[in-house]
Every structure is written in C-alpha cells, then in structure tokens.
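As they're listed, the protein sequences go chains A and B. With our numbering as the guide, the letters of the first sequence map in order to residues 164 to 302. With our numbering as the guide, the letters of the second sequence map in order to residues 164 to 302. Notes follow the structure.
There are 2 protein chains.
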Amino acid sequence: MREREEHLFEALENLLRVKNECSSRILSECGLSDMTVKQIAYLKTIDEQGEVTFSRLAGITRNSKPTITEMVNKFVRMECVYREPCADDRRVMYIRLTEKGQRIAQAEHDALRRVIERMTETLDEREQELLIGLLKKLR
Amino acid sequence: MREREEHLFEALENLLRVKNECSSRILSECGLSDMTVKQIAYLKTIDEQGEVTFSRLAGITRNSKPTITEMVNKFVRMECVYREPCADDRRVMYIRLTEKGQRIAQAEHDALRRVIERMTETLDEREQELLIGLLKKLR
DNA sequence: CCCTGTTAGTTAGGTTTTACCTAATAATAA
DNA sequence: TTATTATTAGGTAAAACCTAACTAACAGGG
Chain A
164 MREREEHLFE
174 ALENLLRVKN
184 ECSSRILSEC
194 GLSDMTVKQI
204 AYLKTIDEQG
214 EVTFSRLAGI
224 TRNSKPTITE
234 MVNKFVRMEC
244 VYREPCADDR
254 RVMYIRLTEK
264 GQRIAQAEHD
274 ALRRVIERMT
284 ETLDEREQEL
294 LIGLLKKLR
Chain B
164 MREREEHLFE
174 ALENLLRVKN
184 ECSSRILSEC
194 GLSDMTVKQI
204 AYLKTIDEQG
214 EVTFSRLAGI
224 TRNSKPTITE
234 MVNKFVRMEC
244 VYREPCADDR
254 RVMYIRLTEK
264 GQRIAQAEHD
274 ALRRVIERMT
284 ETLDEREQEL
294 LIGLLKKLR
C-alpha cells in the first residue's frame, strides 16, 4: 500500500519531469525562455483560430484593438508572428504564426510527442498496449 | 504503430489533464487563481528552505532586502505568509508559510497525490505494480 | 461616379500595476 | 562603536492595459 503509492509517485514524477524538460527545451531552443504564460496562451489562440484578424483577436481576448496591435508588434519583434494582408479586403490583416511561433504554441503537445517517442523506443508492443489499457482506466 | 501512438497520446493527455485540474482547483480553492509563476516559485523556495530570514531570501533570490520586504508584505496581505520573530536575535524575522501558503507551494505535489489516489481506487495491486514497472523503464 | 457613412488597423498619449532599485533610518547585537 | 537586520521613503522602467483621434479602404445610394 504505502510503499506502492510511493513507487507510483516516483514513476509519475519521472514522467512529468521528462515532459517538462522537453517543453522548456523547446522554449529555450527558440531563445525565449522567459515568455509569460499569458503570451503563450495568446499564441495558442492564434494557432487554434486559423484565420485571425486584429478585430477578431480583440473580440476573442476581450482587449481593445490598440492592445492587439501592440501585442502583435511585440510578437513580430520576437519573430513569432507576421502580418498577412487579406486579398479580398485590403483593410484587413491576418495574424499568422511563424515557424517559431508555431513551435511555442505547440510546445506542450510536442513535448508529449517526444515522451511517446521514448516510450515506443523503450517499450515493446505488448507493453505499450498494457500501458494504454491501464491509463485509460483513469477518468 | 501510428494508431497505437495515438492511443498513448490520448491516455497521457488524459493523465495530465486530471493532474492539472487538481492543481488549478487547489489554487482556486485558495481564491488565488491569478497567481504568477514567479510568486508560486517564491512560496516554494520559502517552503523548501525551512528557516528563512529576509536577508537569506534576498540572497537566495538575488533581490535586495527592500524587495523582499515588499514581497512578504504582499504575501501577508494574501494570507500566504506570516512573520515570526527569532527568539535569539530580536533583529531577525523568520518568514513562515501559513496553511494557505503551504497548500499553494505544494499544489503540484498534492495534485499528483490525488491522481495516485484515483489510481489506487481504479487499479488493483497487480495492475499498479505493472504500471510502476512500465513507467520506471522511461529514463 | 462621387458622396457619405462604416469598418480595420494604427498612432498618440495616457493610467495603473508590477517588480525591481538606492539611500536613509531604527532597533539590536557584538 | 561598529555592524547587521529589517523597514521606510522615494524613485525608475517595463508591462499591460485603455480612449480618442486618424488613415485607408470598402459599400451603398443618389
């Protein structure tokens, strides 16, 4: 009981450590180790929304348009984002993620991918199925 | 192969979601949902160090002493921390965590504990041993 | 085709909050 | 006396917002 819980704790802690190492490595590879949680959340929103204009992002994030302009300018300086003019309406600009911006927006996701890569390297097929079965039980 | 990786992904994502729900619930139970990453890190430092004075914390965190005074005052207002005068030397003050402060400093840890609680509820002994064995393989 | 009104994003010029700092001060210890 | 602990006073710089005013571009009616 108590001892087994301790082992479970260590095993899970190890798993999380591996994942966190991966995601913070991604950030530092981008040279942006001190990004705030908020900034990452904005990049994720841009990533998820696809075609986002300034007005749209202002609406979604409940900020004024000047705030968005400022934010985008900062992200442009960080090379996470660029403006793409809309072909149909020359007033509107799309906010697009650069490769760097995408890597940051998807850092969590990618970190999990890397953990899985390691798993598929260290566990055989039967073991993988077993692990999936066990984790699926948790709801 | 591909499909199994997908299942692994879903299973792990679920695990992380459960853990994150737990830790953010702890924060909101304390009525401090908008704490910054930095603030939580400071509380963790205080928690880990045990007997911390103002000068000591200034040294550890490489801030000036007035900055620490200010930070502690804010934490006192948030009811995360209190001052305890040192009996031997009446110039020095220990910075101590309140119950609330401890809960926040240990939120991650507790979240993992709660996940394990669920595991011990849903998995039998054999399954738990199995899971430990599989996760231990990952280094 | 022009005029008018509307919309998209930008600029200018704030405010407020946060997170730090130095210098000076009071209380206490050695 | 001198050194050390924490505090106070007062200040800076950056972050993260805002409103109001502006420019360029579209859209519809006369």
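Backbone N, C-alpha and C fix where the C-beta goes; we use that ideal spot for every residue, glycine too. Keep in mind it's a predicted model, so treat the numbers as computed, not measured.
| query | result |
| --- | --- |
| Spatial distance of T261(A) from N183(B) (CA atoms) | 29 angstroms |
| Rounded distance between the beta-carbons of I258(B) and L220(B), thought under 8 angstroms | 6 angstroms |
| DSSP state of R281(B) mapped onto helix, strand, coil | helix |
| Per DSSP, cross-strand counterpart(s) of M256(B) | P248(B) |
| CA nearest to the CA of T285(B), picked from E290(A), R281(A), M241(A) and G296(A) | G296(A) |
| Given V200(A) as reference, the closest of I223(A), A270(A) and V255(A) once Cα atoms are compared | A270(A) |
| Start-to-end residues for the alpha helix (DSSP H) that takes in G296(A) | E288 to K299 |
| Members of the region 220-239 of chain A near chain B, C-beta cut-off 7 angstroms | none |
| Where T232(A) falls: helix, strand or coil (DSSP) | helix |
| Per-residue contacts from M282(A) into chain B (C-beta, under 7 angstroms) | L171 and L301 |
| Whole-angstrom C-beta distance between T208(A) and T230(A), which should lie under 8 angstroms | No, T230(A) and T208(A) are not in contact; Cβ-Cβ is about 14 angstroms, not under 8 angstroms. |
| CB-CB length for F172(B) against L275(A), believed under 8 angstroms | 6 angstroms |
| Assigned exposure category for A250(B) - 16 Cβ within 10 Å defines buried | exposed |
| Rounded distance between the beta-carbons of E166(A) and T283(B), thought under 8 angstroms | T283(B) to E166(A), Cβ: 12 angstroms. No contact. |
| Nearest neighbour of R281(B), chosen from E290(A), K300(A), R281(A) and V255(A) [CA to CA] | K300(A) |
| Which listed residue (I279(A), P248(A), E290(A) and G264(A)) has its alpha carbon closest to that of L195(A) | G264(A) |
| Beta carbon proximity, R188(A) to chain B, threshold 7 angstroms | no |
| Contact list for T285(B) against chain A, beta-carbon separation under 7 angstroms | K300 and L301 |
| Nearest to G213(A) (by Cα), restricted to the options R302(A), N177(A) and V244(A) | V244(A) |
| Spatial distance of V255(A) from F217(A) (CA atoms) | 8 angstroms |
| Opening and closing residue of the alpha helix (DSSP H) in which G194(A) lies | No alpha helix (DSSP H) holds G194(A); DSSP gives it neither H nor E. |
| Inter-residue spacing [alpha-carbon to alpha-carbon] between S191(B) and M198(B) | 10 angstroms |
| Residue-level contact to chain B via CB, L178(A), 7 angstroms cutoff | yes |
| Secondary structure, alpha helix (DSSP H): runs of 4+ residues fully inside the region 166-217 of chain A | 200-212 |
| DSSP-derived helix/strand/coil call for R225(A) | coil |
| Alpha-carbon to alpha-carbon, V215(B) and V278(A) | 37 angstroms |
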